[in-house]
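*Asks:* Please find one structure pasted underneath; my questions will follow.
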């Protein structure tokens, strides 16, 4: 016994001694390494110095100009308003904006490179909500900004306890109808059964996306109300054409023909869903122009696959995030059915890979998903550009691989025309090109729902997923909302996830807005945005007397600043959460001064 | 049975140096430890129940293709008139005969739940036996060598294993699977790795007590080498506690695999693994409870079988718990 203890102590001592020698050895090595590297570093530094200096000198005038322009905005009550502006040297960079300029304290003028009839719908979108220029500057475009958006909305952020809840309090100085409930709380729960349980027990007042199998339970419960959200979305099976075998158009077409989409919708989607005949839902003007999607034809699909050189199929992955969205009510089940169909109809062996939501979106945006993937899209505003330009336009992310230039050309042309009738032939062409190239397989427009306690007055559901809780009356001080997931950040210029956007929408406002529970564009921070005759210049007049949550007054420079930090990739505040600013490039065509690699 | 003179189950083939004594211990051999253990084991009701349950499981694993009415991965959409997540339909219990019979219902992908659970037995038993075998082999070797040799060898091996033991079980498994990548094989490997220290410790403890015994001293005096003594004399005599721990360990391994599969790191769909079946249907706990209850029951049944049997084995192998069966004098 004693011997053992002695041995143990000896052993421990030995290990400690070993560890110690190892540490000292490494520290010596490190020191040596530093000494070795130091001269190289110094050389590199001296070499770089002129370049850095040149760069600084180059930027200096611009910075100074901006700074002088900014100065008056900073001193709020300063009598002389010095309007800010930023102009692109030309329209070669590929985006839609030519110039964004403050004309006077309450007027902002957007000059476009091409006519843009969807302008009002776009500026109403959450990602372009106005924040004070001072706040953007003081946060450096990231950090604190991601947690505490300063907006003009009916609610203000009071606390965000990561992993638990976001708390909002009523904005007493709101310019419009003040919020009914004093406090608003956002909670989240990924499991639909748990969400329903919380609603049934009354601990929350409203839940998003109850499980499809629970619709009946909710309708039969007199204490609950179920509101159907129209299927203004698309669920698709994505592919990236830069990875084999999806670089072969025939393979993509074979997959398009080899999946029985009717079976998926009939079996796994709630009522109100429909098989996608096109990428865009038919309720969007021109959404269903052009040919319908391929009929399910496993034999033709197999023949096509054999022609492409895969008579025995191939092995790939099906990647998705295990989160419920309106377009995908039951991801695990749908993924397994697609897996079974691929095996049965095309002899394709697909391994299922589940990725965390944020990482999955980042991988999709970066074009890193090399297999099949399940993703979808909910309308942000009811226009073709929101669906097609975001996914397939010139400014879209590489999530489907290389752009199809014939498609991007048609989309650019269509986006510049006014009037649905004028655009119809172009969108017909675009939809046919999508059918031909098959960048993805559109599967379903999913019906979904929102459930509230029966006591909630003025409960509504938004087809765009942006329910305005300020107008709802829970009959008590606090309204508790439970959604599927936690917001990723609250700087929504750099977010695409609906769970983040909905939280931002309670706090921040854009120039225009969508009507509560609908899709029509209504005035918000601007009393209106008027175009010139050929729709290339839009002039927005700001509402008077609007103040931000931090007390500062809304002026035209705040609007310019909000847009410029997103537009100008060289702007020091163009940082955000990931720096992708996907909505901006997707909707407005691209960034100014974008790094050449992109 | 005790009067039999011929040894039915020899413990291990004894080396020639024992030949002289063979006659004297003939009776003892007839009452060899394993025979007595078996007899004592079947005297306990709980152990018998455990063994029967285990027998049932092994039977259904082996004969799964004959028992299961459907292919476990066969999607029945378009083949039969069933809804997804349909409740169980048993003709004997009054389910209309024109409806296809699914005695445990149909899952979310319209597959026969009963067939999946039957085939799930294969996965679980395979996982349980394989991981524990791997862990036992490595753990026993490490434990036996370090216990027998002692000294710096013992200290080094045991301290390393202590480090592994210091981590929470499942957390370490998750970490290993995250590095290796999700999948059933990797999950099994992870669980095997984290269970090694347990078997090493148990083996080492019994080796330590056995090696001080007189008969070891005798073997040594007769000139047996270290390897001979370790594998012929010490290990066979150090096995009983290991068997108990391993039996109980199978239950833990099955449970841990189910847990890993539940969080998506173990068996990948469409493999019919109970943990992943539970996970995929977890949101239907109120609307289609049969999809959550039956895989859960299957896990419980299996774990219970191994635990009952393991407990019985422990009692049967424990000399202190023997009541007048005339053995346990060793």
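Chains as they are written, first to last, in the numbering used here: chain A, 285 to 882; chain B, 3 to 332. Ideal Cβ positions, reconstructed from N, Cα and C, are used throughout, including at glycine.
1. Out of 110/B, 58/B and 46/B, which has the shortest C-alpha to C-alpha gap to residue 120/B?
2. With 8 angstroms as the threshold, decide whether the Cβ of residue 101/B is near any Cβ in chain A.
3. Just the C-alpha distance for residue 543/A and residue 477/A, rounded to the nearest angstrom, thanks.
4. Which residue spans inside the segment 491-557 of chain A form an unbroken alpha helix (DSSP H) run of at least 4?
5. Taking 8 angstroms as the cut-off, decide whether the C-beta atoms of residue 123/B and residue 48/B are in contact.
6. With a threshold of 16 other CB atoms inside 10 Å of the CB of residue 211/B, please say whether the residue is buried or exposed.
7. Should residue 60/B be flagged as near chain A, meaning a C-beta pair shorter than 8 angstroms?
8. Pull up the distance between the alpha-carbon of residue 336/A and that of residue 856/A, whole angstroms please.
9. Could you list which residues in chain B have their beta carbon closer than 8 angstroms to that of residue 781/A, in chain order?
10. Quick test of your reading: residue 768/A and residue 512/A, contact by CB under 8 angstroms. State the CB separation rounded to the nearest angstrom.
11. Which bits of chain B does residue 238/A rub up against, with CB to CB less than 8 angstroms?
12. For residue 26/B, name the three-state secondary structure that DSSP assigns.
13. Based on the DSSP output, what are the partners of residue 111/B in its beta bridges?
14. Could you tell me which chain B residues have their CB closer than 8 angstroms to the CB of residue 623/A, listed as they occur along the chain?
15. Can you tell me the Cα-Cα spacing of residue 2/B and residue 283/B, whole angstroms?
16. Go through its chain and collect everything with a Cβ distance to residue 676/A's Cβ below 6 angstroms, but skip five positions before and after it.
17. Given that residue 476/A touches chain B, what residues does it touch there, using C-beta distances under 7 angstroms?
18. Where residue 306/B and residue 789/A are concerned, what is the direct C-alpha to C-alpha distance, given to the nearest angstrom?
19. Residue 311/A CB to nearest chain B CB: under 8 angstroms?
20. Can you tell me the Cα-Cα spacing of residue 694/A and residue 791/A, whole angstroms?
21. What separation, rounded to the nearest whole angstrom, lies between the Cα atoms of residue 287/B and residue 297/B?
22. The alpha helix (DSSP H) that contains residue 47/B, what's its start and end?
23. Just list the alpha helix (DSSP H) runs in the segment 82-155 of chain B, keeping only unbroken ones of 4 residues or longer that don't cross its boundaries, in chain order.
24. Taking its Cβ as the centre, do 16 or more other Cβ atoms sit within 10 Å of residue 285/B, making it buried, or is it exposed?
25. Does DSSP put residue 625/A in a helix, a strand or coil?
26. Please state whether the Cβ-Cβ distance between residue 395/A and residue 382/A is less than 8 angstroms.
27. Would you check if the distance between the CB atom of residue 547/A and the CB atom of residue 728/A is smaller than 8 angstroms?
28. Terminal residues of the continuous alpha helix (DSSP H) containing residue 423/A?
29. How is the alpha helix (DSSP H) around residue 721/A delimited, first residue to last?
30. For residue 406/A, count neighbouring Cβ atoms within 10 angstroms of its own Cβ and tell me buried if that reaches 16, exposed if not.
31. Report yes if the CB atom of residue 823/A is closer than 8 angstroms to the CB atom of residue 393/A, and no otherwise.
32. Taking 8 angstroms as the CB-CB cut-off, is residue 636/A touching chain B?
33. Can you tell me which of the three DSSP states residue 724/A falls into?
34. Who are the neighbours of residue 266/B on chain A, taking C-beta pairs under 8 angstroms?
35. Rounded to the nearest angstrom, how far is the Cβ of residue 617/A from that of residue 111/B, given a contact under 8 angstroms?
36. Taking the continuous alpha helix (DSSP H) assigned at residue 836/A, which residues delimit it?
*Replies:* In short:
1. The residue you call residue 120/B lines up with position 118 of the second chain. Nearest option by C-alpha distance: 58/B.
2. Position 99 of the second chain, counting from 1, holds the residue named residue 101/B. Judged by the 8 angstroms Cβ criterion, residue 101/B is not in contact with chain A.
3. Locating residue 543/A in the first chain gives position 259, where the first residue counts as 1. Locating residue 477/A in the first chain gives position 193, where the first residue counts as 1. C-alpha of residue 543/A to C-alpha of residue 477/A: approximately 29 angstroms in a straight line.
4. Along the segment 491-557 of chain A, the alpha helix (DSSP H) occurs as fully enclosed runs of 4 or more residues at 499-504, 533-542 and 545-552, listed in sequence order.
5. Start at 1 with the first residue of the second chain, and residue 123/B comes out as number 121. Start at 1 with the first residue of the second chain, and residue 48/B comes out as number 46. No.
6. As a first step, residue 211/B must be located in the second chain, where it is residue number 209. Under this definition residue 211/B is an exposed residue.
7. Translated into the one-based positions of the second chain, residue 60/B becomes position 58. Closer than 8 angstroms: no.
8. The residue you call residue 336/A lines up with position 52 of the first chain. The residue you call residue 856/A lines up with position 572 of the first chain. Caution is warranted here: a pLDDT of 49 is assigned to residue 336/A, below 50, making its placement in the model unreliable, and the coordinate value is therefore given only provisionally. Spanning the two alpha carbons is a distance of roughly 16 angstroms.
9. Here residue 781/A refers to the residue found at position 497 when the first chain is read from its first residue. Residues of chain B whose Cβ lies closer than 8 angstroms to the Cβ of residue 781/A do not exist, since the nearest Cβ in that chain is about 21 angstroms away.
10. Residue mapping note: residue 768/A aligns to position 484 of the first chain, counting from 1. Residue mapping note: residue 512/A aligns to position 228 of the first chain, counting from 1. Not really, about 17 angstroms apart at Cβ, beyond 8 angstroms.
11. This structure does not reach residue 238/A, given that chain A is present from 285 up to 882, and the question cannot be answered.
12. The residue you call residue 26/B lines up with position 24 of the second chain. The predicted model places residue 26/B with a pLDDT of 48, which falls under 50 and marks its position as unreliable, so this point remains unresolved.
13. Within the second chain, the letter at position 109 stands for residue 111/B. None; residue 111/B has no bridge partner.
14. Along the first chain, read from residue 1 onward, the residue named residue 623/A stands at position 339. For a Cβ distance threshold of 8 angstroms, residue set 271 and 272 of chain B lies close to residue 623/A, ordered along the chain.
15. Here chain B comprises residues numbered 3 to 332, so residue 2/B is not present and cannot be evaluated.
16. The count along the first chain starts at 1 and reaches residue 676/A at position 392. Counting only Cβ-Cβ distances below 6 angstroms, and skipping sequence neighbours, we find 691.
17. Along the first chain, read from residue 1 onward, the residue named residue 476/A stands at position 192. The answer, in chain order, is 285.
18. Position 304 of the second chain holds residue 306/B. Position 505 of the first chain holds residue 789/A. Their Cα atoms are separated by approximately 52 angstroms.
19. Taking the first residue of the first chain as position 1, residue 311/A is located at position 27. Its pLDDT being 46, under 50, residue 311/A is placed unreliably by the model, and the measurement read from it follows with that caveat. For residue 311/A, the nearest beta carbon of chain B is not closer than 8 angstroms to its own beta carbon.
20. In the first chain, counting from the first residue as 1, residue 694/A sits at position 410. In the first chain, counting from the first residue as 1, residue 791/A sits at position 507. So the alpha carbons of these two residues sit roughly 37 angstroms apart.
21. Residue 287/B sits at position 285 when you count from the first residue of the second chain. Residue 297/B sits at position 295 when you count from the first residue of the second chain. When rounded, the distance between both Cα atoms is 12 angstroms.
22. Taking the first residue of the second chain as 1, we reach residue 47/B at position 45. Unbroken alpha helix (DSSP H) run through residue 47/B: 47-64.
23. Complete alpha helix (DSSP H) runs here, min 4: 115-151.
24. Taking the first residue of the second chain as position 1, residue 285/B is located at position 283. Around the beta-carbon of residue 285/B, 16 or more other beta-carbon atoms lie within 10 Å, marking it buried.
25. Mapped onto the first chain, residue 625/A falls at position 341. Correct three-state label for residue 625/A: helix.
26. Taking the first residue of the first chain as 1, we reach residue 395/A at position 111. Taking the first residue of the first chain as 1, we reach residue 382/A at position 98. Between residue 395/A and residue 382/A, the C-beta gap is smaller than 8 angstroms, which places the two residues in contact.
27. By 1-based counting over the first chain, the position of residue 547/A is 263. By 1-based counting over the first chain, the position of residue 728/A is 444. Against a cut-off of 8 angstroms, the Cβ pair of residue 728/A and residue 547/A comes out as no contact.
28. Locating residue 423/A in the first chain gives position 139, where the first residue counts as 1. Looking at the DSSP string, the run of the alpha helix (DSSP H) that includes residue 423/A is 417-423.
29. Residue numbering aside, residue 721/A sits at position 437 when the first chain is read from its first letter. Run containing residue 721/A: 704-721, per the alpha helix (DSSP H) assignment.
30. By one-based count along the first chain, residue 406/A stands at place 122. Residue 406/A should be labelled buried.
31. On the first chain, residue 823/A is found 539 positions in, with the first residue counted as 1. On the first chain, residue 393/A is found 109 positions in, with the first residue counted as 1. Yes, these two residues count as a Cβ contact at 8 angstroms.
32. Numbered from its first residue, the first chain carries residue 636/A at position 352. The beta-carbon of residue 636/A is placed less than 8 angstroms from the nearest beta-carbon of chain B.
33. If you number the first chain from 1, residue 724/A lands on position 440. Three-state result, residue 724/A: strand.
34. Here residue 266/B refers to the residue found at position 264 of the second chain. Here the neighbours are 606 and 638.
35. Stepping through the first chain from its first residue, residue 617/A is reached at position 333. Stepping through the second chain from its first residue, residue 111/B is reached at position 109. Yes, residue 617/A and residue 111/B are in contact; Cβ-Cβ is about 6 angstroms, under 8 angstroms.
36. The residue labelled residue 836/A in the question sits at position 552 within the first chain. Where residue 836/A is concerned, there is no enclosing alpha helix (DSSP H), given that its DSSP letter is neither H nor E.
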